[in-house]
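Below is one structure, written out as structure tokens; the observations come after it.
As structure tokens, then:
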């Protein structure tokens, strides 16, 4: 469970954040949410798929790290072994929340005090001796702002994919070298046939809104499934 509270120098002057990566820091996750604005970096490391909420029916793009729950094939003894880590992972244990009325919502920075990354003595301090944000916290706030913009851009992106019926469910069955079988179900991909059939005005509209490049980044990311299988095989020997 998470325990988010509003970040403040008075309450968190001695709070530190552990920046090491590993299972002990909660990084043994199968996937992370991602956003179109970072797809170029994501696709160089991870497959990008879409998940559908069972409660709301909303679609969200995700970066896949493993084939099973609590499996991150990019974790090893040295930490998170990949050149790029998704912003939704990097931002932990922080989150942007909102206060105020529906007509006047103001973003605020919150911190999860139950996160394994929280420490009172180890890691990066959040405030200096003058109760001012440290460089670490300033950089984290920049990432949070980028995520906020990414979330807003993602809304239109997903809507466009749904309107053009570009999302389709898929099942991935993987047989490892040791003979064991793994099945990845419940995710969605880009329907490449329907993508090819889009007319000129629709493609131009997608391009003007910054949706076209992310779509092709998603398609390109499917090649990273092979790397995940190789990592799984290496661990299964």
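Residue numbers (this note's numbering): 2 to 238. Where a beta carbon is used, it is the ideal one built from N, C-alpha and C, also for glycine. All values derive from a computational prediction rather than experimental measurement.
Three-way DSSP call (helix, strand, coil) for residue i in this model
i	result
residue 209	helix
residue 185	strand
residue 47	coil
residue 125	strand
residue 10	helix
For residue j and residue i, the rounded distance between their alpha carbons
i	j	result
residue 203	residue 164	11 Å
residue 34	residue 142	18 Å
residue 18	residue 217	36 Å
residue 156	residue 238	42 Å
residue 153	residue 42	19 Å
residue 176	residue 236	14 Å
residue 16	residue 62	32 Å
residue 149	residue 183	35 Å
residue 200	residue 207	11 Å
residue 170	residue 179	28 Å
residue 181	residue 91	33 Å
residue 121	residue 214	43 Å
residue 49	residue 158	14 Å
residue 57	residue 96	21 Å
residue 196	residue 205	13 Å
residue 227	residue 172	15 Å
residue 132	residue 10	6 Å
residue 137	residue 198	47 Å
residue 107	residue 25	34 Å
Contact under 8 Å by Cβ, residue i with residue j
i	j	result
residue 7	residue 119	no
residue 68	residue 188	no
residue 71	residue 29	yes
residue 134	residue 113	no
residue 186	residue 167	no
residue 32	residue 151	no
residue 66	residue 75	yes
residue 13	residue 145	no
residue 221	residue 44	yes
residue 5	residue 98	yes
residue 147	residue 88	yes
residue 2	residue 105	no
Rounded distance between the beta-carbons of residue j and residue i, thought under 8 Å
i	j	result
residue 225	residue 47	6 Å
Classification of residue i by the beta-carbon crowding that lies within 10 angstroms, buried from 16 upward
i	result
residue 22	buried
residue 73	buried
residue 130	exposed
residue 233	buried
residue 174	exposed
residue 39	buried
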